[in-house]
């Protein structure tokens, strides 16, 4: 292990030289990467006999810097002339025995450090990249001949493009000369990123891939400059863009790939938000996320026969801000495929990704391929055929929100049948709305108390700090004894307006926003509610049809409605597999008007359930049975729904 100790000492010396001499004007991380990246690329060239070992260190650096001019600042490398040979000696002497590539290992360490320091460099697993490239059809046998072009609008570490040229070289190394392939890459493989570190890493990874793939065939006399540009992709007419970038932004592409950044509007800087609102009318809506703008941009940049492959958050499938994008994709039948990777922990916690493939060549009648809960091994071997379902774009287009979900065969059959039979949507008959919010830290203490403090004090659900939402159960309220001082003027003066009290005093449904199964109850006592609960009131249409809140409550608390919601809106899943029950999604659920007998039975049983101190499981099951019957769900389908609930919606 002496070699490893010696290596650590050498690496420590390199780091000290970087820090002591301030070799670059950039930050320490970029500085380190340029030094170690340059040394590593030099060592790879030497490994494949592209550089004569007998040359002096200075001549080695000089030779490779001419081959990759954008990666090297040769003036700084003199200080490493004594250290570099020692590292190579360790690699040559011990590398085969202990799997040691000193500079290669260090290169990986620095890459990992960039991610840990929040530098915006995100590593997409190679299995995902390979799958996306395969599904969009890049490379193919016409790629070089037809000069097909490909772009990554947020190249990050450059792994998408590096893998693309890796496959391209593998496919064409015996058909074209090295120079022909390199010439194709220089003119048709393009990447953008807003971060200088990401641009450098992308350039480095593409250059490294050429040496690793061509090995002894590579000619260092050929100068290679990767088309990775420092620019804000979203700024369509960037004032500071060089001519090459302007040209790249104004052309169209055969293939667009990538893992766009995920930044919610509330965390976005003002300039980025302004650019998005100005340029992306379909994507920049409401509380949008920047990835949706990259999706609109990528789609706009496609040629008429172009294809796009992204990995994006699953919330795209159902979020309000993505509705116009989904509507556009469904109207034009652009979605070829969606692969669900939400349970694979691909990125940071609370990001549940899906692979999205768009294809502009699709015919109107072609179905969308949907693959649910695919794991890495299945993706790598493409062995998830049993998880794939093919659904018409028209089916999703029928929903008000244009929600896209990934059902299995049985779920699809149940939901398709129910929607076909439904006369109304739940939102036609009941409107859900938000309740009391405290918009700033410390406001709660001015209004929430453990006893009445004025004539305006009202019983308050959600008053206990960090108390969760268990005050509302299915058919029951467990009030914890807190009161809200419902003082309109005081709230207005503190810039925290309260809604009109009428929405609380009137008879209403209360439903938990975050839960596994839906938890809802009926309130006629006038409880005030915090915004962890939604309030539901009948519409005029419901009154005209003689629909009661009790009937609506029976549906919300039923197994069937929790089952449908968890399938259709699984993309609302938050930490702990809890679902987010939101008005826009609840409103889109189907509704069938019961006959008089069904209606009377359901109302009677709901009234009995509301009178019980504890949930009566027999009555609860009877309501479930009646709801299943109302929606014509057969016995086999009922068992399937029950199994799903027991597996996913019960702790």
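Residue numbers (my numbering): 20 to 670.
The beta-carbon is built from N, C-alpha and C at its ideal position, and this holds for glycine as well.
Shown here for residue 437: same chain residues with a beta carbon closer than 6 Å to its own, the five before and five after excluded, namely 609, 650 in chain order.
Annotation note: the stretch 210-267 contains the following uninterrupted beta strand (DSSP E) runs of length 3 or greater, listed N- to C-terminal: 246-249.
Around residue 89, the same chain offers 222, 244, 245 as residues with beta carbons nearer than 8 Å, after the five sequence neighbours per side are excluded.
Within the stretch 552-632, the complete beta strand (DSSP E) segments of 3 residues or longer fall at 552-557, listed in chain order. Within the DSSP bridge table, the entry for residue 375 names 329, 357 as partners. Between the C-alpha atoms of residue 598 and residue 538 there is a straight-line separation of about 11 Å.
At the C-beta level, residue 377 and residue 346 stay beyond 8 Å of one another. Rounded to the nearest whole angstrom, the C-alpha separation of residue 240 and residue 81 is 12 Å. A distance below 8 Å separates the beta carbons of residue 571 and residue 448. Residue 540 is bridged by DSSP to 529. Take residue 361, set aside five residues on each side of it, and the residues of its chain with a beta-carbon closer than 6 Å to its own are 333, 371, in chain order. Under DSSP, residue 476 forms a beta bridge with 504. In this structure, the alpha-carbon of residue 374 lies about 12 Å from that of residue 146. Contact holds between the stretch 524-531 and the stretch 549-566, because three or more Cβ pairs, one in each stretch, are under 8 Å apart.
Under DSSP, residue 275 forms a beta bridge with 170, 327. Distance check between residue 76 and each of 488, 106, 306, 51 places 106 closest, using alpha-carbon atoms only. For the 8 Å CB-CB criterion, residue 311 and residue 340 form a contact. With a 10 Å radius around the Cβ and a threshold of 16 neighbouring Cβ atoms, residue 254 comes out buried. Residue 549 has its alpha-carbon roughly 34 Å from the corresponding atom of residue 290.
When the Cα atoms are used, residue 235 and residue 151 turn out to be separated by approximately 30 Å.
Here residue 409 is exposed: its Cβ has fewer than 16 other Cβ atoms, across all protein chains shown, within 10 Å. The three-state reading of DSSP puts residue 282 in coil, since its state is none of H, G, I, E or B.
Judged by DSSP secondary structure, residue 657 falls within the alpha helix (DSSP H) whose first and last residues are 654-667. Exclusion of the five residues before and after residue 352 leaves 381, 383, 385, 412 as the residues of its chain whose Cβ lies within less than 7 Å of its Cβ. Here residue 77 carries a helix assignment [DSSP, helix/strand/coil]. Excluding five sequence positions before and after residue 315, the CB atoms of its chain that fall closer than 7 Å to its own CB belong to 299, 301, 302, 344, given in chain order. Per DSSP, residue 393 is not a residue of any beta strand (DSSP E), being assigned neither H nor E. DSSP lists 495 as the bridge partner or partners of residue 492.
For the pair residue 196 and residue 85, the Cα-to-Cα distance works out to about 21 Å. DSSP places residue 424 outside both helix and strand once states are collapsed to three, so it counts as coil. Here DSSP, grouped into helix, strand and coil, assigns residue 321 to strand. Around the beta carbon of residue 285, fewer than 16 other beta carbons sit within 10 angstroms, so the residue counts as exposed. With respect to the 8 Å criterion, residue 583 and residue 422 are not classified as neighbours on the basis of their beta carbons. Within the DSSP bridge table, the entry for residue 444 names 609 as partners.
The bridge partners DSSP lists for residue 63 come to none. Non-local beta-carbon contacts of residue 624 in its own chain, meaning distances under 8 Å to residues more than five positions away in sequence, involve 573, 638, 641, 642, 645 in chain order.
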